[in-house]
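Residue numbers (this note's numbering): 344 to 474. Cβ atoms here follow ideal geometry from the backbone N, Cα and C, with glycine treated the same way. Worksheet for the structure shown next.
Below you can see the structure in the form of structure tokens.
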């Protein structure tokens with residue numbers, strides 16, 4: 344968004360609109376170049392500000408961390424990716440997926456996930472939503 348606002352990544356090409364994936368890729372390249380060569384660039388500073396305050400709501404996050412820092416945590420290892428952690432998992436595999444054909448990547452992930460679910464089911468562990 345910041346790159347588009349700063350008119351460094353045009354939303355439209357002559358005669359046609361750019362696809363969201365193209366905009367994202369161009370913005371990411373610009374971000375990396377600015378981060379490496381001009382770390383004090385105003386657009387880079389605005390991108391960080393938006394990320395921490397607008398998109399992440401940093402103040403609320405810090406307040407939450409202050410409230411829960413002394414609570415006892417009960418952590419468990421899950422046999423499969425949980426619905427709440429899927430966005431983190433998806434961002435982790437984003438780069439490898441960008442190199443793959445999207446249909447092939449979805450099919451590969453589908454079979455990986457269901458083979459894990461089947462192995463958990465065979466081991467007798469309970470899966471949430473299973474009757």
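Distance, residue j Cα to residue i Cα
i           : j           : result
residue 392 : residue 372 : 19 Å
residue 461 : residue 455 : 10 Å
residue 401 : residue 390 : 14 Å
residue 317 : residue 466 : Residue 317 lies beyond the range of the chain shown here (344 to 474); nothing can be said about it.
residue 397 : residue 412 : 24 Å
residue 446 : residue 375 : 28 Å
residue 420 : residue 443 : 29 Å
residue 395 : residue 407 : 15 Å
residue 433 : residue 404 : 22 Å
Integer-rounded CB distance, given that residue j should sit under 8 Å from residue i
i           : j           : result
residue 386 : residue 377 : 7 Å
Beta-carbon proximity of residue i to residue j, cut-off 9 Å
i           : j           : result
residue 426 : residue 459 : no
Minimum C-alpha distance to residue i - residue among the options
i           : options            : result
residue 429 : 412, 446, 414, 452 : 452
residue 463 : 415, 424, 432, 395 : 424
Residue i beta carbon near the ligand ADP (any heavy atom closer than 8 Å)
i           : result
residue 402 : Absent from the structure shown: the ligand ADP. Ligands present: none.
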